[in-house]
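*Asks:* One structure coming up, written as structure tokens, with questions to follow.
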Amino acid sequence: MDQASGLRAGDGGSPGGRRLHLPRVISITSGKGGVGKTNVSANMAYLMATRFGLRVMVLDADLGLGNMDVLFNIRPAHTLQDVLEGKMHLPEILVKGPGGILILPAASGVEEMTNLSPEQNMLLLEEFENLSLDLDILLIDTGAGISENVLTFNLACRETVVVVTPEPTSRTDAFALMKVLFRRQPDKPFLFLANMVRDRQEGVALFDLVSKVADSYLPGLSLSFAGHLPADPSLTQAVRSQRAVSEMLPGSPFSKSMEQVVRTLLSRPPRSGGEGGVGLWMKRLIASGDHPGSGAP
500 MDQASGLRAG
510 DGGSPGGRRL
520 HLPRVISITS
530 GKGGVGKTNV
540 SANMAYLMAT
550 RFGLRVMVLD
560 ADLGLGNMDV
570 LFNIRPAHTL
580 QDVLEGKMHL
590 PEILVKGPGG
600 ILILPAASGV
610 EEMTNLSPEQ
620 NMLLLEEFEN
630 LSLDLDILLI
640 DTGAGISENV
650 LTFNLACRET
660 VVVVTPEPTS
670 RTDAFALMKV
680 LFRRQPDKPF
690 LFLANMVRDR
700 QEGVALFDLV
710 SKVADSYLPG
720 LSLSFAGHLP
730 ADPSLTQAVR
740 SQRAVSEMLP
750 GSPFSKSMEQ
760 VVRTLLSRPP
770 RSGGEGGVGL
780 WMKRLIASGD
790 HPGSGAP
């Protein structure tokens with residue numbers, strides 16, 4: 500059974516027709532900016548769709564500095580801001596990216612997006628619940644750091660990939676992010692993705708370094724190695740061309756390593772209780788924002 504069939508095996512059906520698939524929701528995050536997080540999200544989405552035949556949607560949740568559209572050379576006419584203002588519905592702002600992935604563009608530089616009113620929360624919840632899409636994967640490309648917005652999106656997701664580079668500030672900020680999330684949601688597992696490393700050996704060494712600190716100061720934190728991505732000049736070339744490197748240069752070291760990372764991620768069984776659909780994810784998102792001290796239910 501292939502990855503796509505495996506993810507959909509539990510869909511079943513109903514006498515009245517085929518039931519919409521409930522997607523696996525994964526956040527891609529980092530402790531600091533400049534570590535390649537959005538490139539990871541973009542290439543992960545592209546490979547999930549093209550190599551593994553999955554139906555993928557990406558939410559650009561870096562609400563202050565969203566640039567997923569720039570990376571894919573897409574100019575969305577509308578964003579979530581239009582939905583919040585009652586001008587559009589979610590299906591009307593979705594844009595299609597390479598490989599058939601769907602992108603939900605967030606408003607950029609709009610302060611109210613980081614502090615939604617109860618009425619806006621309910622509006623978004625209704626919109627997400629009415630979003631009738633067959634999806635296998637919903638990727639959430641969060642912002643960086645430990646702002647309340649970043650924490651809220653991560654707490655709403657059952658699976659979180661933390662992108663880390665060898666820079667000391669990246670290591671320490673990634674640890675700080677995991678510490679805050681762990682204290683709010685102690686049963687939350689983390690996947691460690693070593694980016695911009697020389698080879699797998701350096702990636703594993705980076706993971707071991709952070710893992711040992713976590714074992715000492717955060718006993719009980721679940722941290723697993725998701726893989727490594729090499730520092731690859733082809734990535735810069737692809738970014739300048741506003742294309743995913745996995746699309747433009749599929750034989751590059753980065754693309755090959757990313758495919759292995761995706762394979763590793765998909766081989767992991769979804770966390771128990773994590774298959775809740777986009778509507779339930781939105782409910783968790785609202786709950787995380789309303790009750791920052793307790794985490795998602």
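Residue 552 in the numbering used here sits at position 53 of the sequence shown, and the numbers go up by one each step. Just so you know, even glycine gets a beta-carbon here, dropped at the ideal spot from N, CA and C.
1. Report the option in Ser-745, Gly-719 and Asp-686 whose CA atom is closest to the CA atom of Leu-546.
2. Hey, how far is the Cα of Val-534 from the Cα of Val-761?
3. From the beta carbon of Val-738, is the nearest beta carbon of chain B less than 9 Å away?
4. If you reduce the DSSP assignment to three classes, tell me which class Lys-586 lands in.
5. Between Thr-668 and Lys-531, what straight-line distance do the alpha-carbon atoms span, to the nearest angstrom?
6. By DSSP, does Ile-645 sit in helix, in strand, or in coil?
7. By how many angstroms is the C-alpha of Pro-752 removed from the C-alpha of Arg-699?
8. Helix, strand or coil, according to DSSP, for Leu-558 in the structure here?
9. Would the beta-carbon of Val-649 fall within 9 Å of that of Leu-676?
10. Closer than 8 Å is the cut-off here; do at least three beta carbon pairs connect the stretch 726-733 with the stretch 553-562?
11. Per DSSP, what are the beta-bridge partners of His-727 in this structure?
12. Is it true that the CB of Val-662 sits closer than 9 Å to the CB of Ala-629?
13. Applying the criterion that 16 or more other CB atoms from any shown protein chain within 10 Å of the CB defines a buried residue, is Arg-580 buried or exposed?
14. Name, in chain order, the residues that DSSP records as bridge partners for Ser-669.
15. Answer yes or no: do Ala-743 and Phe-551 have a C-beta to C-beta separation smaller than 9 Å?
16. How many whole angstroms separate the CB atoms of Leu-692 and Val-539, which I take to be in contact at a CB cut-off of 8 Å?
17. DSSP three-state call for Ser-710: helix, strand or coil?
18. Ser-721 and Pro-688 look like a contact to me (Cβ under 8 Å); what is the Cβ gap, rounded to whole Å?
19. For the alpha helix (DSSP H) containing Val-534, list its first residue and its last residue.
20. What three-state label does DSSP hand Lys-755 in the structure shown?
21. So what does DSSP say about Ile-636, is it helix, strand or coil?
22. Just verifying my parser: in three-state terms, what is the DSSP assignment at Ile-527?
23. For the ligand MN, any of its heavy atoms closer than 8 Å to the Cβ of Leu-748?
24. Alpha carbons only, please: which of Leu-708, Val-712, Arg-670 and Pro-718 is nearest the one belonging to Asp-686?
25. Please classify Pro-732: is it buried, with 16 or more other beta-carbons within 10 angstroms of its beta-carbon, or exposed?
26. Residues in the same chain with beta-carbon distance under 7 Å from Glu-591, minus the five sequence neighbours each way, listed in chain order, please.
27. Between which two residues does the alpha helix (DSSP H) harbouring Thr-735 extend?
28. Looking at Glu-527: is its Cβ nearer than 9 Å to the Cβ of Val-738?
29. For Gly-598, I'd like the list of residues in its chain whose CB is within less than 6 Å of its CB, leaving aside the five on either flank, ordered along the chain.
30. Check this for me: beta carbons of Gln-741 and Val-569, under 9 Å apart or not?
*Replies:* To lay it out plainly:
1. Sequence index remark: in the sequence shown, residue 546 carries index 47 (1-based). Comparing C-alpha distances from Leu-546 to each of Ser-745, Gly-719 and Asp-686 shows the shortest one belongs to Ser-745.
2. Reading the sequence shown from its first residue, position 35 is the one you call residue 534. Reading the sequence shown from its first residue, position 262 is the one you call residue 761. About 18 Å.
3. Among the chains in the structure shown there is no chain B, since it carries only a single protein chain.
4. Start at 1 with the first residue of the sequence shown, and residue 586 comes out as number 87. Lys-586: coil per DSSP, three-state reduction.
5. What you label residue 668 is simply residue 169 of the sequence shown in a count that begins at 1. What you label residue 531 is simply residue 32 of the sequence shown in a count that begins at 1. Cα-Cα distance, rounded: 8 Å.
6. Indexing the sequence shown from 1 puts residue 645 at position 146. Collapsing the DSSP output to three states places Ile-645 in coil.
7. Translated into positions along the sequence shown, residue 699 becomes position 200. Translated into positions along the sequence shown, residue 752 becomes position 253. If you take the alpha carbons of Arg-699 and Pro-752, they lie about 12 Å apart.
8. The residue given as residue 558 occupies position 59 in the sequence shown. In this structure, Leu-558 counts as strand in the three-state DSSP scheme.
9. For the purposes of this step, residue 649 is taken as residue 150 along the sequence shown, with counting starting at 1. For the purposes of this step, residue 676 is taken as residue 177 along the sequence shown, with counting starting at 1. For Val-649 and Leu-676, yes; Cβs fall inside 9 Å.
10. No, the stretch 726-733 does not touch the stretch 553-562.
11. On the sequence shown, residue 727 is found 228 positions in, with the first residue counted as 1. According to DSSP, which records beta bridges pairwise, His-727 is partnered with Ala-693.
12. Here residue 629 refers to the residue found at position 130 when the sequence shown is read from its first residue. Here residue 662 refers to the residue found at position 163 when the sequence shown is read from its first residue. Just to set this straight, residue 629 is Asn in the shown sequence, not Ala. No, they are not a contact pair.
13. Taking the first residue of the sequence shown as position 1, residue 580 is located at position 81. The sequence as given places Gln at residue 580; Arg does not occur at that position. Under this definition Gln-580 is a buried residue.
14. Here residue 669 corresponds to residue number 170 of the sequence shown, with the count starting at 1. Beta-bridge pairing links Ser-669 to no other residue.
15. Here residue 743 refers to the residue found at position 244 when the sequence shown is read from its first residue. Here residue 551 refers to the residue found at position 52 when the sequence shown is read from its first residue. No.
16. The count along the sequence shown starts at 1 and reaches residue 692 at position 193. The count along the sequence shown starts at 1 and reaches residue 539 at position 40. So it is a contact: roughly 7 Å between Cβ atoms.
17. Reading the sequence shown from its first residue, position 211 is the one you call residue 710. Correct three-state label for Ser-710: helix.
18. As a first step, residue 721 is located in the sequence shown; it is residue number 222 there, counting from the start. As a first step, residue 688 is located in the sequence shown; it is residue number 189 there, counting from the start. About 4 Å separates the two Cβ atoms, so the contact holds.
19. What you label residue 534 is simply residue 35 of the sequence shown in a count that begins at 1. Element bounds for Val-534: n/a, residue is neither H nor E.
20. For the purposes of this step, residue 755 is taken as residue 256 along the sequence shown, with counting starting at 1. Reduced to three states, the DSSP call for Lys-755 is helix.
21. Taking the first residue of the sequence shown as position 1, residue 636 is located at position 137. Three-state result, Ile-636: strand.
22. Residue numbering aside, residue 527 sits at position 28 when the sequence shown is read from its first letter. It is a strand residue.
23. No copy of the ligand MN appears in this structure; indeed no ligand is present at all.
24. Here residue 686 corresponds to residue number 187 of the sequence shown, with the count starting at 1. For Asp-686, the nearest C-alpha among the options comes from Pro-718.
25. Here the question's residue 732 lines up with position 233 in the sequence shown. With fewer than 16 other beta carbons inside 10 angstroms of its own, Pro-732 counts as exposed.
26. Indexing the sequence shown from 1 puts residue 591 at position 92. So the list reads His-577, once near-sequence residues are dropped.
27. For the purposes of this step, residue 735 is taken as the residue at position 236 of the sequence shown. Taken as a continuous stretch (DSSP letters only), the alpha helix (DSSP H) holding Thr-735 covers 732-739.
28. The sequence position of residue 527 within the sequence shown is 28, counting from 1. The sequence position of residue 738 within the sequence shown is 239, counting from 1. The question names Glu, but residue 527 in the sequence shown is Ile. Their beta carbons are not under 9 Å apart, which means Ile-527 does not touch Val-738 by this criterion.
29. Here the question's residue 598 lines up with position 99 in the sequence shown. Taken in chain order, the residues that qualify are Tyr-545, Ala-548 and Thr-549.
30. Reading the sequence shown from its first residue, position 242 is the one you call residue 741. Reading the sequence shown from its first residue, position 70 is the one you call residue 569. Yes, the pair counts as a contact, with Cβ atoms nearer than the cut-off.
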